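Reviewing the structure listed below.
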Amino acid sequence: GAVVSQHPSRVICKSGTSVKIECRSLDFQATTMFWYRQFPKQSLMLMATSNEGSKATYEQGVEKDKFLINHASLTLSTLTVTSAHPEDSSFYICSARDRLLGNTIYFGEGSWLTVV
Amino acid sequence: GENVEQHPSTLSVQEGDSAVIKCTYSDSASNYFPWYKQELGKRPQLIIDIRSNVGEKKDQRIAVTLNKTAKHFSLHITETQPEDSAVYFCAASFGGSQGNLIFGKGTKLSVKP
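Heads up: the protein sequence lines correspond to chains A and B, in order.
Its first residue numbered 35, the first sequence is counted upward by one per residue in our numbering.
Its first residue numbered 224, the second sequence is counted upward by one per residue in our numbering.
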């Protein structure tokens, strides 16, 4: 199947700093990518939908100024957590839609963020 | 808003038995229903999906059924094995796009040898 790569897999940052997570579709073009957040033992919560070349659409309750999403190319979307706080610590995971394969969704490996 | 309910939250079966996980959805326009398996700390893996134009789909030991009238769909795993132990998530598309997915809360399946 199609491959979605996410980097970094684990990151620790200090409170108040920003951290960027990258999501790449390696062997297909992803006009749409999705960003999720998952707390331990909980489900995936959609944060935002990222469309190539346009602004992301954020879900209710997600601060767009805190979670900056950029989707500058057909194979790369980035999530930047700005002014991180300990409560932002979570598992962040992206997914991408492959239009050529019937809109099937593929997930990245996820990124564990710990804010200390 | 759109919602997906998933039951049970935990399921324990003996190796070789069958496991059934059920989901209901609220958006009558939903037309794509994937199931994912997630092991601890790893990405969800698509195991099977079904679209609204069919009622059942099978892939070896895994099958999914869809009842559009009742707005529910189910995952059936037969002849369970210890390596089937994981958290399973159902999802339903919303907003007219198959890419926009709402996930159920997950079912932790334990298969005892």
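Just so you know, even glycine gets a beta-carbon here, dropped at the ideal spot from N, CA and C.
The model shown is predicted, which means the values in this text are computed figures rather than measured ones.
Item	Value
Residues bridged to F73/A (per DSSP)	In the DSSP output, where bridge partners are listed per residue, F73/A has none listed.
W146/A versus R44/A: straight-line alpha-carbon distance, rounded	5 Å
Closest by C-alpha distance to S316/B, when choosing among S253/B, A242/B, D282/B	S253/B
Cβ of P257/B within 8 Å of any chain A Cβ	yes
T116/A - partner residues in DSSP beta bridges	According to DSSP, T116/A bridges with nothing at all.
Rounded straight-line distance, which links the Cα of K100/A to that of T91/A	14 Å
Alpha carbon of F296/B to alpha carbon of L324/B, nearest angstrom	15 Å
Alpha-carbon to alpha-carbon, D307/B and H119/A	36 Å
Short Cβ contact (8 Å threshold) for Q237/B with K335/B	yes
Chain-order list of residues whose beta-carbon lies under 6 Å from that of D272/B (same chain, five-residue window excluded)	P257
Residue span of the beta strand (DSSP E) that contains P257/B, given as start and end	255 to 261
Proximal residues of chain B, C-beta to C-beta of L78/A below 8 Å	P267, F312, F326
Counterpart residues of S129/A in DSSP-defined beta bridges	F68/A, F141/A
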